[in-house]
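In full-length UniProt numbering, the protein residues as written are 6 to 826.
No residue lacks a Cβ here, since even glycine has one placed at the ideal position from N, Cα and C.
All values derive from a computational prediction rather than experimental measurement.
Beneath this line is the structure, given in structure tokens, with notes to follow.
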Ligand code: 26W
């Protein structure tokens with residue numbers, strides 16, 4: 006099948022050449038003799054964007070004419086990465102563009118490196134949102150993503166003398182060729198002030214919010230191109246600006262300076278992404294960010310609805326479903342109630358009936374420190390009317406609970422939106438469950454734990470409301486675009502429609518024992534490893550051998566993800582080599598990528614430790630290159646795209662019960678890496694798919710973790726009983742890895758001993774070490790390894806985000822595809 010094209014003749018090489026030249030001339034004001042890579046990149050983007058916009062126009066018209074029901078995906082984060090390669094692949098224009106540019110003397114893969122990542126997210130949750138909107142467009146589902154147009158995305162990480170330094174990310178400094186500003190759709194958002202109670206005619210109590218500040222929300226649209234380019238949806242990101250209209254009063258009263266001050270405040274809202282992953286900071290600006298984008302988005306949704314249905318609210322729930330990506334957009338629930346009750350003057354019951362048929366909520370974490378709670382006093386100051394509404398929601402809900410469990414105050418305390426204590430707190434998780442018609446976790450085990458441990462009272466009250474939708478990843482970006490060599494090999498075996506029907510990869514299984522295919526598969530891996538080795542040489546000046554095992558751990562740095570378990574094992578291998586120069590192991594390169602939240606001390610200490618231990622090992626001739634440790638700085642989507650195709654081993658070693666799902670585990674296995682992992686998150690479902698022989702599972706189960714905790718876990722037991730553990734932890738206290746600075750790595754030892762080892766690293770250490778020995782043994786048998794790797798790729802069909810989206814459609818959204826011709 007020829008790839009479909011949007012614009013007439015788009016994949017005619019000469020047409021494409023002309024378009025690029027035209028943009029060099031007319032958009033960028035340069036020419037082909039002067040243009041540098043950056044200009045070529047921009048001109049190429051503009052040429053592609055012509056095709057994208059054609060599809061966008063058709064899609065919007067089709068959705069409008071068909072008055073389609075749509076899903077509105079509200080997320081504080083969208084980790085989009087780069088868009089050029091993705092858009093070219095999805096439009097079927099990659100080869101055309103590559104050949105056209107070659108004739109112009111330009112290497113496409115070089116200019117692709119000019120594109121800054123759109124890093125408007127922290128990690129898993131933000132990247133999931135990006136994969137989901139790719140799938141939504143691919144499946145021709147009417148959908149819009151709503152988020153924040155952060156001026157600065159996640160910080161850029163530099164490593165200085167082994168330690169993380171944060172530098173600002175400026176992804177838009179030289180313009181973003183993909184985004185379109187839509188001043189015609191600006192929204193106003195109110196903050197602060199007070200609420201006036203009025204008595205309207207017929208005695209109805211009316212609430213009027215007199216805000217203290219109004220800001221503008223300016224929408225920027227990023228087109229989202231589905232695979233094969235038929236549907237082009239949008240990601241709409243809101244940028245805050247001072248509302249000139251509101252500040253007139255202050256300005257006219259001679260308060261020029263005050264007016265300027267308010268300007269600063271308004272523009273601060275979308276300035277920067279909070280770099281915290283899994284720790285709730287309770288910062289006022291973060292709550293304002295959340296409300297800002299929710300309010301803009303709801304008003305946008307309502308504007309579009311009213312355009313078709315006027316003031317008739319009766320069909321709103323048929324047309325609109327809103328998915329809350331974690332609790333970050335939960336404030337949208339009282340905001341919709343405010344609009345319906347105070348503005349549209351609907352009865353509370355009617356308004357609540359609408360709201361609770363519109364919202365659905367996804368939970369992404371069980372960690373108590375990540376569950377959002379806002380001081381009631383803070384909400385009262387910023388959103389006084391919303392706090393009243395939250396109290397009213399809670400009051401009515403408590404009546405309902407009393408009917409179910411009369412007089413049971415313990416149940417009420419657990420279910421209440423309000424947590425009583427020295428400071429009253431609003432639990433956003435409870436608000437989300439109460440205000441939604443469906444709640445889901447992101448992997449089977451996680452959803453079970455959401456029901457059993459996080460929200461057991463809600464599960465008893467509303468059985469069936471909490472369900473599971475296992476996460477997924479888009480195979481377009483995470484195989485087709487990032488691993489062209491493997492993709493071409495797969496095309497030859499199973500045909501080229503696997504990016505749309507990932508289960509077709511199962512067709513590879515019958516070749517898993519074929520020696521020729523094994524060779525081809527491993528040659529692709531080897532070539533990808535060489536590309537990564539070049540990258541490592543270039544950025545860190547470390548030589549790595551592509552015949553070594555490439556063992557990769559890439560994810561945010563967090564104690565529960567246990568990068569330090571990996572590090573302890575590396576130190577153990579090093580120690581074994583020092584004690585026995587003939588220690589027999591296949592050479593291995595341990596590769597890390599991880600950012601630590603800037604305020605997370607121990608996470609930063611672990612990064613420092615990886616670098617210092619690595620530096621020592623890499624330069625110790627006694628190691629004879631059996632071990633290399635590589636920490637690649639500034640881990641991000643575009644770096645992941647280079648690391649994942651080159652990985653042999655995928656480290657997924659979180660404490661059981663802590664990693665909600667993981668999605669990197671899926672990306673690595675899809676690209677033929679073998680997982681060493683715990684029975685946690687989606688690892689369990691990956692193991693079910695590939696079979697126990699094709700994965701290295703180790704360590705405690707959730708039940709065993711819970712039992713050990715109940716019995717009383719004492720890490721000292723492991724320290725004194727296992728000589729290797731003791732030797733390694735004691736080593737951390739010396740200045741062996743940090744010459745002249747004894748104790749520089751001691752915080753890790755302390756966290757694992759005195760501070761109680763909250764994530765049970767020591768309890769799982771020996772099992773991990775044994776599993777690593779099995780990895781070593783398996784790799785030495787080249788045929789066995791190749792077979793296992795092939796089976797991993799073959800069995801990843803379940804984990805396409807298309808399947809996740811289909812699950813959402815069937816279980817929650819009840820959406821229909823809308824064909825765009
Ligand atoms: C309030 C601070 C904060 C910020 C972000 C708390 C929590 C978060 C996210 C929920 C963290 C996150 O990204 N969670 C990850 O979500 C992925 C997608 O579902 C899962 O695959 C990961 O297991 C989960 O850690």
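(request) Can you tell me which of the three DSSP states residue 816 falls into? (result) helix
(request) For the beta strand (DSSP E) holding residue 379, just list the boundary residues, first then last. (result) 378-380
(request) Flag this pair as touching only if the stretch 78-85 and the stretch 123-136 have three or more C-beta atom pairs under 8 Å; answer yes or no. (result) yes
(message) Please determine whether the Cβ atom of residue 369 lies at a distance below 7 Å from any heavy atom of the ligand 26W.
(response) yes
(request) Return the CA-CA distance between residue 8 and residue 60, expressed in angstroms with no decimal places. (result) At residue 8 the pLDDT is 42, less than 50, meaning the model places this residue with poor confidence; the figure from the coordinates comes in the next sentence. Each residue's Cα considered, the two are about 14 Å apart.
(message) Using a Cβ-based criterion (distance less than 7 Å to any ligand heavy atom), does residue 674 qualify as near the ligand 26W?
(response) no
(request) Could you pull out every unbroken alpha helix (DSSP H) segment of at least 4 residues lying fully inside the stretch 401-472, listed in chain order? (result) 414-420, 433-440, 449-454, 461-466
(message) Counting C-beta neighbours from all protein chains within 10 Å, is the total for residue 436 16 or more, i.e. buried, or is it exposed?
(response) buried
(message) Rounding to the nearest angstrom, what Cα-Cα distance links residue 842 and residue 675 in this structure?
(response) Outside the displayed span of the chain (6 to 826) sits residue 842, for which this structure offers no information.
(message) DSSP three-state label for residue 25, please.
(response) helix
(message) For chain C, check one thing: does any of its Cβ atoms lie closer than 8 Å to the Cβ of residue 547?
(response) No chain C is present in this structure, which holds just one protein chain.
(message) Here's the rule: buried if 16 or more other CB atoms are within 10 angstroms of the residue's CB, otherwise exposed. What is residue 299?
(response) buried
(request) Report, in whole angstroms, the separation of the C-beta atoms of residue 510 and residue 495, which I expect to be a contact under 8 Å. (result) 7 Å
(message) Could you check whether the Cβ of residue 133 sits closer than 7 Å to any heavy atom belonging to the ligand 26W?
(response) yes
(request) Have a look at 374, 643, 648 and flag the residue whose alpha-carbon is nearest the alpha-carbon of residue 635. (result) 648
(request) Would you decide whether residue 179 is buried or exposed? Buried here means 16 or more other CB atoms lie within 10 Å of its CB. (result) exposed
(request) Counting only the same chain and skipping the five closest in sequence on each side, list residues whose C-beta sits under 6 Å from that of residue 477. (result) 804, 805, 806, 808, 809
(request) Below 8 Å on the Cβ atoms is my guess for residue 704 versus residue 773; work out the distance and round it to an integer in Å. (result) 6 Å
(request) Decide if residue 561 is buried, meaning its Cβ has at least 16 other Cβ atoms within 10 Å, or exposed. (result) buried
(message) As an exercise, report each continuous beta strand (DSSP E) stretch of at least 3 residues that is fully enclosed by the stretch 201-231, in chain order.
(response) 210-215, 218-230
(request) Determine the DSSP secondary structure at residue 503, reduced to helix, strand or coil. (result) coil
(message) So, with DSSP's three-state summary, where would you put residue 648?
(response) helix
(request) Please determine, among 401, 778, 728, 598, the residue with the shortest C-alpha to C-alpha distance to residue 588. (result) 778
(message) Restricting to Cα atoms, I'd like to know which of 122, 69, 150 is closest to residue 91.
(response) 122
(message) Suppose the cutoff is 8 Å on Cβ atoms and the five residues either side in sequence are ignored; what does the same chain contact list for residue 248 look like?
(response) 193, 219, 220, 221, 271
(request) Round the Cβ separation of residue 758 and residue 734 to the nearest angstrom and send it over; I've been treating them as touching at under 8 Å. (result) 7 Å
(request) State the beta-bridge partners of residue 657 as determined by DSSP. (result) 682
(request) May I ask you to list the residues that DSSP assigns as paired with residue 180? (result) Paired residue(s): none; residue 180 is not in a bridge.
(message) Quick check: is any heavy atom of the ligand 26W less than 7 Å from the C-beta of residue 668?
(response) yes
(message) How far does the beta strand (DSSP E) with residue 123 in it extend, from its first residue to its last?
(response) 123-125
(message) Does residue 343 pass the burial test, meaning 16 or more other C-beta atoms within 10 Å, or should it be called exposed?
(response) buried
(request) Look up residue 475 in the DSSP assignment and say whether it is helix, strand or coil. (result) coil
(request) Report yes if the CB atom of residue 784 is closer than 8 Å to the CB atom of residue 554, and no otherwise. (result) yes
(request) Flag residue 375 as yes when its Cβ comes closer than 7 Å to any non-hydrogen atom of the ligand 26W, and as no otherwise. (result) yes
(message) Quick check on this structure: which residue in 491, 443, 481, 449 has the alpha carbon closest to the alpha carbon of residue 468?
(response) 443
(request) Identify, in the order they occur along the chain, each residue of the same chain with its Cβ nearer than 8 Å to the Cβ of residue 168, setting aside the five sequence neighbours on each side. (result) 609, 612, 613, 616
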